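Numbering (our numbering), first residue to last: 4 to 83. Here the structure comes first, spelled out in structure tokens, and everything after it is commentary.
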């Protein structure tokens, strides 16, 4: 499944995880992913991508100019 989404400056996503592999590509703006278990931040800008394995706890904060992303969910990566 592939979807495109946009969010405004400073929007936040609380800690969560997905049961599938998620690949996210930033088209415009920026977003910072806070990878909880790795205790590190990943800043993504236009043209950059992040590949999140299934069950990776993370939260995110949208940058000052908002963000538009395309993300793909790889359902075949689900774990039981």
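Yeah, the Cβ is synthetic: ideal placement off N, Cα and C, and Gly gets one too. The structure presented is a predicted model; accordingly, all values stated were derived computationally and were not measured.
- Counting only residues of its own chain and dropping the five nearest sequence neighbours on each side, residue 41 has no CB closer than 7 Å to any other CB.
- Distance between residue 56 and residue 44, taken at the CA atoms: about 16 Å.
- Non-local beta-carbon contacts of residue 10 in its own chain, meaning distances under 7 Å to residues more than five positions away in sequence, involve 65, 69, 70 in chain order.
- According to the DSSP assignment, residue 62 belongs to the beta strand (DSSP E) that extends over 61 to 77.
- Per DSSP, the beta-bridge partners of residue 46 are 35.
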